[in-house]
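In our numbering, the protein residues as written are 1490 to 1950. Think of the CB as a built atom: it goes at the ideal place given N, C-alpha and C, for glycine as much as any other residue. What you are looking at is a predicted structure, and each value in this text was computed from that prediction instead of being measured. Have a look at the structure below, then the notes.
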Ligand SMILES: Cc1cc2nc3c(=O)[nH]c(=O)nc-3n(C[C@H](O)[C@H](O)[C@H](O)COP(=O)(O)OP(=O)(O)OC[C@H]3O[C@@H](n4cnc5c(N)ncnc54)[C@H](O)[C@@H]3O)c2cc1C
């Protein structure tokens, strides 16, 4: 029998919520342990947001260099990607972040860092290697990983995920991306711009199916304009080795025209890291997809155990994971009963131009049956976008016709990921849309046209 080392609080996972919570608890004088099995900073820092956005930045530069002539700028010679240098840049950005988090935690007073895989032994005890730890409060921040579906042939071919894609330091000749949603599209466009041939294979009838049809159509058009091949309604995806290549068949009968690629990226969703935590020994309930069930203040089914971030299924983003930390800290330390349901859904897809969304989309508003108003504006009518030579996409806003509250917005367009924040903040303020309509924004910006869109609303029929 090992005697457990006792703490006031144990945090499992050093992702986007755990380290900040460790900081708050330790500062409040609690004796804290934080356990990380692999890379400090988790998905966002190591295999998600940060590395992909450095790639997106490199891809943007390549695209601009290739289109330089249209701006009156001469670039001598062909534009090519130096994949080793590109990877080195990406690594240096993410390492700064990873090392910063690790050294912050290791230097934190009242906090002990354990490296290794944590598993429950009981509702108050976790084992990490040879160490047994106990605490009355346990916070799970274990995140998720790429889903690898059991599609025919998947076991017989080498495939890439979002993690292994980031290890590439040579350019794929032809990258086939299985999955036409957020993760797949970012990689597809970046690698196309680096110089790969790229095909997206999507099971559904359109890309980014969570979005409105006009958004999906516009995203498709933008990607096709850059030479990305898109195969939709791929109902029966089968993977097969063909010499050094991989053939991807998409039809249920023999595909007369399979896509032949040098590399295959599987970008078909995420699964929570909850199957190897020993949750049964703690009695923590999960839903049918493995997400830890939590209430509005992120308490699990077992008193004294909380779940934050991607593993609770309440969000799939860094900002939602961080907000989970804020909710837990506010409830435990500030006597402030913050709740998940106070959060307005918002996120971006970092293709170029980006797609930024907040609240409800048009389909959801229609489904709600409420009287609503809609405003749209193509980016070709946004001066700043035209001046930048980046006028693809459009803006769309939705308003409750009776209360004048903003219901949601989507901006597919240059700087849309920044411009949407004026809408997000007015939604949090629960102010009517007329607040933005009457605001004077800076000229020339993309945000400048948002009051104009709100000034030209029509009934949603
Ligand atoms: C390709 C890609 C791009 C993305 N881009 C964006 C973006 O631009 N913006 C955005 O908001 N979100 C983005 N995301 C999503 C974002 O990365 C996640 O939502 C975020 O990282 C979730 O944070 P988390 O703290 O819940 O989990 P994670 O960051 O996954 O951290 C969980 C940590 O727990 C550790 N762990 C797991 N199990 C155990 C165990 N048993 N014992 C010890 N440690 C354990 C893991 O090693 C990991 O370090 C992206 C995701 C991907 C895959």
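query	result
I need the straight-line Cα distance from residue 1764 to residue 1616, nearest angstrom please.	15 Å
Under 7 Å: does the beta carbon of residue 1590 sit that close to some heavy atom of ligand 1?	no
From residue 1835 to residue 1850, what distance separates their C-alpha atoms?	11 Å
With which residues is residue 1885 paired in a DSSP beta bridge?	1865, 1899
Say the cut is 7 Å; is the CB of residue 1699 nearer than that to a heavy atom of ligand 1?	no
Can you find a heavy atom of ligand 1 that lies under 7 Å from the Cβ of residue 1799?	yes
Can you tell which of 1774, 1672, 1665 has its C-alpha closest to the C-alpha of residue 1747?	1665
Check the DSSP bridge columns for residue 1600 and list the partner residues they point to.	1521
According to DSSP, is residue 1836 part of a helix, a strand, or is it coil?	strand
My assumption, with CB atoms under 8 Å, is that residue 1943 sits in contact with residue 1922. Please give the rounded CB distance.	5 Å
Just checking residue 1677 against ligand 1 - is the residue's beta carbon closer than 7 Å to any of the ligand's heavy atoms?	no
Could you check the C-alpha separation between residue 1705 and residue 1887 for me, to the nearest Å?	18 Å
Distance check for residue 1829 and residue 1868, CA to CA, integer angstroms please.	34 Å
Do you know offhand how far residue 1681's Cα is from residue 1675's?	10 Å
Which word fits residue 1600, buried or exposed, when buried means at least 16 other C-beta atoms lie within 10 angstroms of its C-beta?	buried
Using a Cβ-Cβ cut-off of 7 Å (strictly less than) and excluding sequence neighbours within five positions of residue 1560, which residues of its own chain qualify?	1878
Which same chain residues end up closer than 7 Å to residue 1814 when comparing Cβ atoms and leaving out the 5 residues on each side of it in sequence?	1506, 1509, 1510, 1797
Given the structure, does residue 1524 come close to ligand 1, in the sense that its CB is under 7 Å from one of the ligand's heavy atoms?	yes
What ranges does the alpha helix (DSSP H) occupy inside the stretch 1749-1780, keeping only unbroken runs of at least 4 residues that lie completely in it?	1768-1771
Pick out whichever of 1740, 1677, 1654 has its Cα sitting closest to the Cα of residue 1549.	1677
By the three-class DSSP mapping on this structure, what secondary structure does residue 1803 have?	coil
Between 1946, 1881, 1817, 1844, which lies nearest to residue 1865 when the distance is taken from Cα to Cα?	1946
Which two residues bound the contiguous alpha helix (DSSP H) that contains residue 1674?	1671-1683
Would you check if the distance between the CB atom of residue 1708 and the CB atom of residue 1671 is smaller than 8 Å?	no
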